[in-house]
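First residue of the sequence shown? That's 1 in UniProt numbering, and the numbers climb one at a time after it.
Every residue gets a Cβ at the ideal spot worked out from N, C-alpha and C, and that includes glycine.
Since the structure is predicted, the reported quantities are computational estimates derived from the model, not experimental observations.
Here the structure is laid out as structure tokens; the discussion comes afterwards.
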Amino acid sequence: MKQNFKTKQQLSIFIMGLFVLLSTMFFVLLNVLRTRINGLPIDEKDNFYINFSEIFDVFVYFLYYTTLSNIFLGFVMMILSFKYNSEKVLKWTFNAIILITITFLVYWALISWTQKWKDISRSIGSIITRCINPILGFICLFIVRKKVRFCIKSVLLCSILVISYFLFAFIVYFATGANENFKNGAIIYKFLHFYRPFYVKNGQLAIIIPLDIIIFLIGLFVPIAIGYFWKFVYRIQNAKCKKQ
């Protein structure tokens, strides 16, 4: 394999990217198989919430932000291993790190404490896709830190992607919430319940609407903040932004 890569760094990035991609697909397919055999996990059945799986069945496992960001990271890292000096690939690598950082932060700050850790296989899957894989991405960025250039226009694409994901969740929620007077609807994450945002169970619109707006503001500004964070940590230089 070494003869296909000019440097050890490229080989390392390829191996890490392959691990990210294969491990993510393994746990996604494992969850699909388990759900087909045993039904939806008990902790995902909640009378207080309508789960995305009730609308999308097992395909919900492919719609989780964790899955999407991990697959994107894995693909980009593998492409980077072959196109090590491509300016465009390096920009998308930086974007992939921003997106996987969101996975890391959101899961451990908002979701991990609601998970049932007694299920060993699901716990291992969470640790790999929400901790180990993001760390591999951080290592990848460290390897190419002197090649990557910071471009705010490129980083804004991450904001667009995150807002688009929130908008998708918002549309599905309202499309499925008519029978509940829009006080309930299908959600992919409990903190993204648009009538009970961030786990708030208060029905006052004066609280709900500002929190829903905050969700989209987070989608706009958090990717930018993370981009500047990595720029500062790895001392990434600025670049003239070109059209993507």
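Scanning its chain for C-beta atoms nearer than 8 Å, with the 5 sequence neighbours on each side dropped, one finds around Gly125 the residues Phe27, Leu30, Asn31, in chain order. Where Asp212 is concerned, the enclosing alpha helix (DSSP H) starts and stops at 205-233. Three or more beta-carbon pairs separated by less than 8 Å are not found between the region 70-77 and the region 107-121, which leaves the two stretches without contact. Secondary structure at Asn51: strand, using DSSP grouped into helix, strand and coil.
In this structure, Tyr65 is the residue among Cys140, Tyr65, Ser154 with its C-alpha nearest to the C-alpha of Thr103.
Counting along the chain, Phe174 sits inside the alpha helix (DSSP H) bounded by residues 152-175. Note on Ala186: 16 or more other CB atoms within 10 angstroms of its CB, so buried under the neighbour-count rule. Judged by pairs of C-beta atoms under 8 Å, the region 225-237 touches the region 140-150, as three or more such pairs exist. The three-state reading of DSSP puts Asn38 in helix, counting H, G and I together. Cβ neighbours of Val222 within its own chain (closer than 7 Å, five residues either side excluded): Ile102. In summary, Ile171 is exposed, with fewer than 16 beta-carbon neighbours lying within 10 Å of its beta-carbon over all protein chains present. Excluding five sequence positions before and after Leu90, the CB atoms of its chain that fall closer than 6 Å to its own CB belong to Lys147, Val148, given in chain order.
Counting only unbroken stretches of 3 or more residues, no beta strand (DSSP E) element lies wholly within the region 78-166. The C-beta distance from Met16 to Leu136 rounds to 4 Å, short enough to meet the 8 Å contact threshold. In this structure, Arg122 sits away from Tyr107, with a CB-CB distance that is not shorter than 8 Å. Counting only the Cα atoms, Val155 lies some 6 Å from Ile224.
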